[in-house]
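A.B. asks: In this note's numbering, the protein residues as written are -19 to 409.
Built from N, CA and C at the ideal position, the CB exists for glycine as well.
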């Protein structure tokens, strides 16, 4: 196994070339699925909003997927022979992100997790696999003997990253096919226990699930002044634990655990013939390892058609906010961020279909991509465009002052970015 970061060209936890290709192809697949009226053929800032967790791999994965989703047309390219265009991907520092990054230090969550992994059920699994767990601890250099089931993910990540994205690296001789199969099996079991109780699902994905549900409710209720009917998709680039958490929030045990390049689609469909008219929710799952097959997943305790109102009632125990989690965690972990209605966006299509996707990234280490509804950056975007156009005209008149012009346009871009940041901060206050 690779024990040193220098053995990987970009270091540990970074996106690989293979991973970029997988996300690019996933973007192409999403284009084919939602083409024909739902998504514009060209990028439109009013239709799509993308947010990423604060990691290199998730930010880059968002860009790779968007490149496949919105290939530039010939008349839209800004440089010869460059079949790519930039896309805005927003993020929050991981220290204050309580929506898509579940790495928060919360004593209540840690106690719940410890209780699950100390249960008689888990201990019985460890006893029945004690020889294999001891073998893994010895071969991988793990300090504890035998390897606790809770720590299986470290061996799994190391083997999987080399196996799928190793870029020429070889697995150790002891990691044969039978060992790999058993590691994957035990990791699926171990990972599923991270979401084994309602409380754990609420801690790990309750805020995000609540945000998704509130966006869908805003569509059903007619948007209001705070929502834009042009918005159709909102995206989160996040982690495998994020995807698994949302599955658990829907009442689905994440087994097997999400693999690289997996996608979860949450669609809201209008039911105009219902009495009274309403909306239904459908859940689709695409696993890259299944050759891109799309599976519809029944939502537990919400028979088809699963109406939005019924879903809200069925999953009421999951719903929470960052403030409520802060109180449940003792008040220290979630107090840095306050989410207001301004951050909860909506979308609508001619058939009123709301889409949420959660896509697993092909990374050096586990991570995922999550897709949902959109928004624009209002007048800040228009000011930036005007600034660039003004500088372009001045370039034609001042060819002898190229360096000065380059400095000016960079300065204008920084000003526009500052204004956008100010708008976002005001919305979150």
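Starting from residue 292, trace the alpha helix (DSSP H) in both directions and tell me its first and last residue.
C.D. replies: 288 to 294
A.B. asks: What is the C-beta distance between residue 413 and residue 262, in whole angstroms, given that I count them as a contact (C-beta under 8 Å)?
C.D. replies: With the chain represented from -19 up to 409, any question about residue 413 goes unanswered, as that position is not in the structure.
A.B. asks: Among 281, 127, 17, which one has its Cα closest to the Cα of residue 108?
C.D. replies: 127
A.B. asks: Checking 8 Å against the spacing of the C-beta atoms, do residue 106 and residue 129 come in under that value?
C.D. replies: Cβ distance < 8 Å, so residue 106 and residue 129 count as in contact.
A.B. asks: Helix, strand or coil, according to DSSP, for residue 216 in the structure here?
C.D. replies: DSSP places residue 216 in strand when its eight states are reduced to three.
A.B. asks: Look up residue 251 in the DSSP assignment and say whether it is helix, strand or coil.
C.D. replies: strand
A.B. asks: At 4 residues or longer, and completely inside the segment 61 to 110: list those alpha helix (DSSP H) runs for me, N to C.
C.D. replies: 87 to 97, 100 to 108
A.B. asks: What distance in whole Å lies between the Cβ atoms of residue 300 and residue 182, which are believed to be in contact at a cut-off of 8 Å?
C.D. replies: 6 Å
A.B. asks: Please return the same chain residues whose Cβ sits closer than 8 Å to the Cβ of residue 139, not counting the five positions on each side in sequence.
C.D. replies: Leaving aside the five residues that flank residue 139 on each side, the residues in its chain whose CB is nearer than 8 Å to its CB run, in chain order, -19, 151, 155, 160, 163.
A.B. asks: Rounding to the nearest angstrom, what Cα-Cα distance links residue 102 and residue 94 in this structure?
C.D. replies: Here the C-alpha atom of residue 102 lies approximately 11 Å from the C-alpha atom of residue 94.
A.B. asks: Check residue -5 in the structure and name its three-state DSSP category.
C.D. replies: If DSSP states are grouped into helix, strand and coil, residue -5 belongs with the strands.
A.B. asks: Among the candidates 292, 254, 257, 246, whose CA atom is the shortest distance from the CA of residue 14?
C.D. replies: 246
A.B. asks: Buried or exposed: where does residue 234 fall if 16 or more other Cβ atoms within 10 Å of its Cβ makes it buried?
C.D. replies: Counting Cβ neighbours within 10 Å, residue 234 comes out buried, since at least 16 surround it.
A.B. asks: Excluding the 5 residues preceding and the 5 following residue 394 in the sequence, name in chain order all residues of the same chain whose CB lies nearer than 7 Å to its CB.
C.D. replies: Confidence is the limiting factor: at residue 394 the pLDDT is only 35, short of 50, which leaves the residue's position unreliable and the question unanswerable from this model.
A.B. asks: Grouping DSSP H, G and I as helix and E and B as strand, with all else coil, what is residue 161?
C.D. replies: helix
A.B. asks: Cα-Cα, which of -2, 34, 296 is closest to residue 179?
C.D. replies: 296
A.B. asks: What residues in its chain sit with their C-beta under 6 Å from that of residue 32, if we drop five residues either side in the sequence?
C.D. replies: 38, 39, 42, 69, 71, 217
A.B. asks: Would you tell me roughly how many angstroms separate the C-alpha atoms of residue 200 and residue 214, rounded to the nearest one?
C.D. replies: 17 Å
A.B. asks: Suppose contacts are defined by Cβ-Cβ distances below 8 Å. Is residue 212 in contact with residue 67 by that definition?
C.D. replies: no
A.B. asks: Quick one: Cα of residue 64 to Cα of residue 81, how far?
C.D. replies: 29 Å
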